[in-house]
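> Under our numbering, residues 7 to 466 are what the sequence shown spells out, in order. The C-beta atom is built at its ideal place from N, Cα and C for all residues, glycine as well. The structure presented is a predicted model; accordingly, all values stated were derived computationally and were not measured. This is the structure I want to talk about, given as structure tokens.
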Amino acid sequence: MVGRTTARRRRFRSVRARTTLGAGLVVLAALLVGAAAFVVVLRLVLLDGVRTSAEAGLEQASSRVEAEGAAAVSGYEDVLVQVVGPGGSVLAHGDDADPPALPTADESRWSHDGERWLLVADDVDLPGGGEATLVYGVSLEQTDSAVRAALVLLAVGVPVLVLVLGAVTWAVTGRALRPVERMRTEVETIRAARPDARVEVPDTDDEVARLATTMNAMLDRLDRAAEGQRRFVSDASHELRSPIASIRQHAEVAAAHPDSTGVEEFSDVVRSEALRLQDLVTGLLELSRLDEGGLGARRPVDLDDLALDAVARARASAGRDGGDSRDGGDGRDGSPVVDGSGISAARVLGDERVLAGVVRNLVDNAVRHASTRVAVGLAEQGGSAVLTVDDDGQGVAAADRDRVFERFVRLDEARSRDAGGAGLGLAIVRDAVRAHGGEVVVLDSPLGGARFEVRIALGG
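So, in structure tokens, the structure goes:
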């Protein structure tokens, strides 16, 4: 019983029911206003006709009374005619206008024998001398009957018209919404087992067809997002499994053969794999925050300071003494020279922590792939801060320049995971730059390798 009541309530709250109710109320209000106006106009028109008839009869009767005397009105039937003297006495009257005297005010209403009359009056001169008032009345019975008939017809016709309109609106709306209901049912049946299922697009080229096209496009995006999420989870699981398996393997070997594995060697393995795990988890958390729009408060950031810090960090990690970050170093230890001489001042509006990660990931990526030289540049161009990171490595093939920003993608599969990273750095760069309204692209570098170019609008 409760289920039936709920279903009934939903039915009356549906678009179909609300459309029908709304159309019915609007038409009912319009018909009521129109009916009232029609009745008023009809009554006025009929009264005007009666008044014209009464005035014409009064004029004719006045001429006869002035010519023949008051007795000339004695033969009038079906109308009220009286000649009223100055004292209110009835001098003469027609067959249907017995005394007492009728009202002598022009256009008076008079009820007689249950019938309403319209009275008109005029002063007349009697042949023997003296004056009197001639009163002439015409029945309003036909007028009242016509108005009553119109009211009855409208009282019956208006509800019938509203009901017919409601039925037509209900049927037409249901027919119009039928494709929408079919699409809803089709979407409801789409499950993970059929992720490629789509709704049927009608060939009507109307709003419903466009809705179906938009819904299919949304389903495509959701399918791609779900596929990307599944791939991401699979890749993340694989990446996390490798260092865990390595630590477990070395632990089992150390437990089984304690004499063959030293504490220092085992400690180095655990420390190395733990760092890999830390970097991977940090990257995954950063991507998760970026997916959720997790930027901190935006404030003016000196991008040149972040670039100089990244250059100094890269040179320090390569064994240099740091020195001036704009000094490229000599590279005598075999590590690539990191040149920051192309960095100039530029300020943007954004999250300093996230932007620092962008610059650091690009510089670290360039150092890993460079042969002898890395160049970091920063300049203002056309209202944007343009950060460039060049290396003289093997570069990135044109076919891979979009794929290189995907998560867990390594173009140098021959490299070890320790050297090549987990494949998250450039994905973080792309998402972070997009979160700041910028763009990052891969180009050919003047040094012969790859150039990563970031453009972010100036601000602050």
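Tell me whether glutamine 284 sits in a helix, a strand or coil according to DSSP, three-state version.
Correct three-state label for glutamine 284: helix.
> Under the rule that 16 or more other beta-carbon atoms within 10 Å means buried, what is threonine 26, buried or exposed?
With 16 or more Cβ atoms within 10 Å of its Cβ, threonine 26 is classed as buried.
> Please report the straight-line C-alpha distance between alanine 433 and alanine 23, rounded to a whole angstrom.
50 Å
> Nearest CA to the CA of valine 164: which residue from His263, Leu34, Ser266, Ser390?
Leu34
> Do phenylalanine 4 and leucine 312 have their CB atoms nearer than 7 Å?
Any question about residue 4 goes unanswered here, given that the chain covers just 7 to 466.
> Since valine 96 and valine 87 are thought to touch, with beta carbons under 8 Å apart, how far apart are those beta carbons, to the nearest angstrom?
About 11 Å separates the two Cβ atoms, so there is no contact after all.
> Whole angstroms are fine: how far does the CA of alanine 41 sit from the CA of alanine 76?
46 Å
> Please report the distance separating the alpha-carbon of valine 193 from that of valine 178.
24 Å
> Does the distance from the C-beta atom of glycine 455 to that of glycine 383 stay below 7 Å?
No Cβ-Cβ contact shorter than 7 Å links glycine 455 with glycine 383.
> Bridge partners of glycine 348, per DSSP?
Gly383
> What residue from Gly465, Val360, Ser377, Arg181 has the CA that sits closest to valine 474's CA?
Outside the shown range of the chain (7 to 466) lies residue 474, about which nothing can therefore be said.
> Taking the alpha carbon of glutamate 72 as the reference point, which residue from Leu132, Gln66, Glu65 has its own alpha carbon closest?
Leu132
> Grab the span of the alpha helix (DSSP H) containing serine 69 for me, first residue to last.
21–74
> Looking at the unbroken alpha helix (DSSP H) that takes in alanine 313, where does it start and where does it end?
309–323
> Could you check which residue in Ala215, Val21, Ala261 has the C-alpha nearest to that of glycine 180?
The residue among Ala215, Val21, Ala261 with its C-alpha nearest the C-alpha of glycine 180 is Val21.
> By DSSP, does alanine 127 sit in helix, in strand, or in coil?
strand
> Might you give, ordered along the chain, the residues of its own chain that have their beta carbon closer than 7 Å to the beta carbon of leucine 453, omitting 5 neighbours on each side?
Arg379, Ala381, Asp396, Asp397, Asp398
> Among Asn222, Ala257, Arg230, which has the Cα closest to the Cα of proline 208?
Asn222
> Ends of the alpha helix (DSSP H) at arginine 154?
147–195
> Return the Cβ separation of tyrosine 142 and valine 85 in integer angstroms, given the expectation that the two are a contact with Cβ distance under 8 Å.
7 Å
> Got a sec? Which residues, its chain only, sit under 7 Å from arginine 70 by beta carbon, not counting five neighbours each side?
Cβ neighbours of arginine 70 beyond the five flanking positions: Ala78.
> Enumerate in chain order the residues of its own chain whose CB-to-CB distance from alanine 152 is below 8 Å, with the five nearest sequence positions on each side excluded.
Leu48, Leu52
> Spatial neighbours of glutamate 358 within its chain, please: CB distance less than 6 Å, with the 5 preceding and 5 following residues excluded, ordered by chain position.
Val307
> If you count every other CB in all the chains shown that lies within 10 Å of the CB of valine 435, and 16 or more means buried, which is it?
buried
> What would DSSP say about glutamine 235, mapped onto helix, strand or coil?
helix
> In three-state terms, what does DSSP make of threonine 220?
helix
> On the DSSP bridge assignment, give the partners of histidine 99 in chain order.
Gln88
> State yes or no: is the beta carbon of glutamine 387 nearer than 7 Å to at least one beta carbon in chain B?
No chain B appears in the structure shown, which is made up of a single protein chain.
> Taking the alpha carbon of aspartate 450 as the point to measure from, which residue in Ala404, Gly135, Gly172 has its own alpha carbon closest?
Ala404
> What is the rounded straight-line gap between the Cα of glycine 443 and the Cα of arginine 304?
Glycine 443 and arginine 304 have their C-alpha atoms spaced approximately 12 Å apart.
> So the candidates are Gly389, Asp408, Val46; which of them puts its Cα closest to the Cα of glycine 465?
Gly389
> Looking at C-alpha atoms only, which residue of Ala111, Asp128, Pro109, Asp54 is the closest neighbour of serine 68?
Asp128
> If you check the beta carbons only, do valine 354 and arginine 461 fall under 7 Å apart?
no
> In its own chain, which residues sit with a C-beta less than 6 Å from the C-beta of glycine 329, not counting the 5 before and 5 after it?
Because the pLDDT at glycine 329 is just 39, under 50, the model does not fix this residue reliably, and the value given afterwards should be weighed accordingly. So no residue of the chain qualifies.
> Which class does proline 249 belong to by DSSP, given the choice of helix, strand or coil?
helix
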